[in-house]
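Encoded as structure tokens, the structure appears first; notes follow it.
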Amino acid sequence: MREFDIIGRIKARTGSMAGVRLGIGDDAAVLERGAFDLVALDTMVEGVHFRWGWSSAADVGWKLLARNLSDIAAMGGTSGPFLLSFALGEGVDGACVDGLVEGLEAAARAMVEARGEVGPIGGDTTRSPGPTVLSLTLFGRTGPRGPVTRRGAQAGDVVAVVGALGAAAAGLEVLQRGLEGVGRWAELVEAHRRPWAQVRAGAWLGRQEGVRAMIDVSDGFAQDLGHLLRPAGLGARVEFEALPSPAALRACAVELGAEGSRWVLAGGDDYALVVIAAAGRFEAIAAAAAGEGIELVSVGRVRSERGVEVVGAGGLQIAASLAGYEHTFEGGGEEG
Ligand code: ADP
Ligand code: MG
């Protein structure tokens, strides 16, 4: 298939988008001046982030957009147009490209309320002599309070989570063991194939006074929480039992004889949001969030001692420090 056909397929499916003056077809896309103030990029490499045998082309397209939607959400922003870079490996044909584009569209349809604002405005298409490498650059807009960065946590703040932890890692393990046909674990496999980015929650939280910092969970809860706290010389104490995870995960861990706590704490790719909120504001924010259908779960507190301490049921200390964690759980995910 020629590059020309690929671009034609993508172009045929795009419409007009807010903030975009000119989309696919010229030497560069033209944005309205001042329309966007956020930009994020994420790359997926065949064999590292996905396998054609475990995910359909549409699943891969979905995840490519979900990862970027999640980054913009974690800044408290809303998403806009995107650029695509496709370096396509040997076996990738027209049907596969159609599948990728369908997956991108399905993800925007499912996760973005103003979905007409999220779509491709350009990109680049080449052949790869090795694995397929897909990358997406997503533009976005901050809300009226500006960006919610990874900085801003203070000792005493509440650590909260939106979304479930560990399901994608559990689903990956089900796939690795060749058990994806087992119906009761379909929800976990789906979490790996089509992760849910907290698009609406991120934008909503970005508008709330008292939300001090956010990060999305791409590398694993403990590690990503560490990214948020370590630069400030802070740490946190987290209650393991408070961490939201699907019931199917626990049952699956028992049946497979796997360490479910490791999926929850170190599993990547769930795209839950970790939210740091001022303690005095947390109850009000959580109540207002519930009114919006957003479940903000308190899981612990920021403190001045470094490291993330996760306390399990019955006072079992699962990990004393985050540094310890990264060693204990190295190689836990497929992702880099
Ligand atoms: P150039 O040689 O100037 O880079 P291309 O032939 O690569 O031009 O691209 C032609 C047009 O198609 C450009 O507007 C470009 O942004 C767009 N395009 C190329 N590949 C993709 C892609 N994978 N997805 C979306 N748009 C693409
Ligand atoms: Mg080009």
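Mapping to our numbering: the sequence shown position 208 is 208, numbers consecutive. Positions of the beta carbon are idealized from the N, C-alpha and C atoms, including for glycine.
- Contact between the segment 76 to 90 and the segment 221 to 241 is absent, with fewer than three C-beta pairs closer than 8 Å.
- The shortest C-alpha to C-alpha distance from residue 239 to any of 222, 267, 120, 212 is the one to 222.
- In the structure shown, residue 276 adopts extended strand secondary structure according to DSSP, grouped into three states.
- Look at residue 87 here: in three-state DSSP terms it is strand.
- In the structure shown, residue 209 falls within a coil segment according to DSSP collapsed to helix, strand and coil.
- Just measuring C-alpha positions, the residue of 249, 149, 305, 116 sitting nearest residue 260 is 249.
- Pairing residue 65 with residue 45, the inter-Cα distance amounts to about 14 Å.
- Only residues of its own chain outside the window of five on either side were considered, and among them 24, 25 have a CB closer than 7 Å to the CB of residue 11, listed in chain order.
- For residue 234, no alpha helix (DSSP H) segment is defined, and its DSSP state is neither H nor E.
- Taking the Cα of residue 236 as reference, the smallest distance to any Cα among 179, 196, 281, 306 is reached at 306.
- Between the alpha carbons of residue 278 and residue 79 lies a distance of about 26 Å.
- When the beta-carbon positions are compared, residue 213 and residue 192 stay at least 8 Å from each other.
- Taking non-hydrogen atoms of ligand 1 into account, the C-beta of residue 26 is found less than 7 Å away from one of them.
- Taking C-beta atoms under 8 Å as the contact rule, residue 84 and residue 198 fail to qualify, at a distance of about 23 Å.
- In this structure the segment 52 to 63 does not lie against the segment 154 to 164, because fewer than three pairs of beta carbons, one per stretch, are closer than 8 Å.
- Taking all protein chains in view, the Cβ of residue 205 is crowded by 16 or more other Cβ atoms within 10 Å, so the residue is classified as buried.
- In this structure, the straight-line span from the alpha carbon of residue 18 to that of residue 150 is close to 28 Å.
- Residue 84 has its CB nearer than 7 Å to a heavy atom of ligand 1.
- Between residue 143 and residue 76, the C-beta gap is smaller than 8 Å, which places the two residues in contact.
- Counting only runs of at least 4 residues, the segment 147 to 174 fully encloses no alpha helix (DSSP H) element at all.
- With contacts defined as CB atoms closer than 8 Å, residue 303 and residue 243 fail to qualify as a contacting pair.
- Remark: C-beta atoms of residue 131 and residue 47 approach each other more closely than 8 Å.
- At least one heavy atom of ligand 1 is found less than 7 Å from the C-beta of residue 124.
- Membership of residue 249 in the alpha helix (DSSP H) is indicated by the continuous run 247 to 256.
- Here residue 101 is buried, its C-beta having at least 16 other C-beta atoms within 10 Å.
- Between residue 6 and residue 97, the beta carbon gap of about 5 Å places them in contact (Cβ cut-off 8 Å).
- With respect to the C-alpha of residue 155, the residue from 301, 82, 8 having the closest C-alpha is 301.
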